[in-house]
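Quick note on the working numbering: the sequence shown kicks off at 1 and runs consecutively.
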Amino acid sequence: MKQQCEGTVYRPNNPMLHRTVPCTNPAKVQRGEKWYCGVHDPQKREERNQAFYARLDAEQKERERETRRKELLEELMQAAQAAVADAELFENDYEEEVMGVPPHLFAKLQDTLDRLEIL
Ligand SMILES: [Zn+2]
Numbered sequence: 001m002k003q004q005c006e007g008t009v010y011r012p013n014n015p016m017l018h019r020t021v022p023c024t025n026p027a028k029v030q031r032g033e034k035w036y037c038g039v040h041d042p043q044k045r046e047e048r049n050q051a052f053y054a055r056l057d058a059e060q061k062e063r064e065r066e067t068r069r070k071e072l073l074e075e076l077m078q079a080a081q082a083a084v085a086d087a088e089l090f091e092n093d094y095e096e097e098v099m100g101v102p103p104h105l106f107a108k109l110q111d112t113l114d115r116l117e118i119l
């Protein structure tokens, strides 16, 4: 005789008293004493859960990374604006400038760019 799955299926609209009914899928794997179909196999369910949480975790990390990138871009824009304002204020006559920008602001721009790169 063919083994029946030991799992149960939730039937919220079941007019009968019991809202969970036995799974009707044929069993495929044996775990301990019990048999399960592919849907209710505890091992497979565990793997699906793990994959689900791993995906949530990856999505969370990606959102954090995106937020950090936006913050750094904002910093970069402010440094760039400060560099332009500085250059206009001092009419670009720094003794040592790097690519037309005061050295301290150039360093700031470069630092922010470096941090963006590693994200
Ligand atoms: Zn089942």
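A virtual CB, placed ideally from N, CA and C, is assigned to each residue, including glycine.
For residue i, the three-state DSSP class (helix, strand or coil)
i: K108; result: helix
i: K28; result: coil
i: V21; result: strand
i: Q3; result: coil
i: V84; result: helix
Rounded C-alpha distance that separates residue i from residue j
i: T20; j: L113; result: 57 Å
i: Q4; j: V29; result: 10 Å
i: R55; j: E88; result: 49 Å
i: D111; j: F52; result: 37 Å
i: R65; j: G32; result: 44 Å
Cβ neighbours of residue i in the same chain (closer than 6 Å, five flanking residues each side left out)
i: R115; result: L72
Contact check, residue i vs residue j, beta carbons under 9 Å
i: V39; j: N49; result: no
heavy atom of ligand 2 below 8 Å from residue i C-beta
i: H18; result: Ligands present in the displayed structure are limited to ligand 1, and ligand 2 is not among them.
7 Å Cβ shell around residue i - same chain, five flanking residues per side excluded
i: D86; result: P102, L105
Own chain residues within Cβ distance below 8 Å of residue i, not counting five before or after
i: K2; result: P26, A27
Pick out every residue whose C-beta is nearer than 7 Å to a heavy atom of ligand 1: which are they, in chain order?
Close to ligand 1, as judged by a C-beta nearer than 7 Å to any of its heavy atoms, are the residues C5, G7, C23, N25, Y36, C37, V39, H40, in chain order.
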